[in-house]
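K.L.:
Residue numbers (this note's numbering): 5 to 177.
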């Protein structure tokens, strides 16, 4: 891990703890920490991000969590359709809260995992919350298409933004 501190997050403590144990078994001395974070709950996102954003520097923010193929339409605690709310809007919210910590990095990276389902025509975004028609894989396709659109827009908006640590920015301070 080359000295990195890795924070593994999950809806409950069990799976991140298991993942941290596996990392340490493979790389003794790895600095792993776990965090309870439910991407289907905006208050959980806010609480988790508060513990990180004020003190940490995030070099790599890796968005790879979600739900898939829920048999019936469900909603998050905040009333969002569960698949889109977790797979896309949860990632968007955690990224927004953690953005100050990302900007502290000299070389920040944000990676958002999508899926081939993003290409499916059933993933239309005109009914993002599936209020008119819920189909499990269509909701999943929408969430993954939204991930790609978000990633492209984030890349566009940050393409010409110098890092706060680049010489040109430091010289102006």
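We put the beta carbon where it would ideally sit given N, CA and C, even for glycine.
Tell me, please, which residues DSSP counts as bridged to residue 14.
P.N.:
Indexing the chain shown from 1 puts residue 14 at position 10. In the DSSP output, where bridge partners are listed per residue, residue 14 has 40.
K.L.:
Would DSSP call residue 74 helix, strand or coil?
P.N.:
Indexing the chain shown from 1 puts residue 74 at position 70. Reduced to three states, the DSSP call for residue 74 is coil.
K.L.:
Ignore the nearest five residues each way along the sequence and tell me which others in residue 88's own chain have a CB closer than 7 Å to its CB.
P.N.:
Within the chain shown, the letter at position 84 stands for residue 88. Once the five neighbours on either side are set aside, the close Cβ partners of residue 88 are 132, 133, 143, 146, 147 and 150.
K.L.:
One question on the structure: do residue 62 and residue 105 come within less than 8 Å of each other, judged by their Cβ atoms?
P.N.:
Mapped onto the chain shown, residue 62 falls at position 58. Mapped onto the chain shown, residue 105 falls at position 101. Contact flag set, yes.
K.L.:
Let me confirm a value: residue 94 is counted as buried when at least 16 other C-beta atoms fall within 10 Å, else exposed. Which label applies?
P.N.:
If you number the chain shown from 1, residue 94 lands on position 90. Buried: at least 16 other Cβ atoms inside 10 Å.
K.L.:
Just list the beta strand (DSSP E) runs in the segment 96-170, keeping only unbroken ones of 3 residues or longer that don't cross its boundaries, in chain order.
P.N.:
The qualifying runs are 113-116.
K.L.:
Is it right to say residue 68 is buried, meaning 16 or more other beta carbons lie within 10 angstroms of its own, or is it exposed?
P.N.:
Here residue 68 refers to the residue found at position 64 when the chain shown is read from its first residue. By the neighbour-count rule (16 or more Cβ atoms within 10 Å), residue 68 is not buried but exposed.
K.L.:
CB-CB under 7 Å to residue 71, same chain, minus the five flanking residues each way: which ones, in chain order?
P.N.:
Translated into positions along the chain shown, residue 71 becomes position 67. Result list for residue 71: 86, 87, 90 and 91, in chain order.
K.L.:
Just checking my contact of residue 102 with residue 65 at CB under 8 Å: how many whole Å lie between their CB atoms?
P.N.:
Locating residue 102 in the chain shown gives position 98, where the first residue counts as 1. Locating residue 65 in the chain shown gives position 61, where the first residue counts as 1. Indeed, because the Cβ distance is near 6 Å, the residues count as touching under 8 Å.
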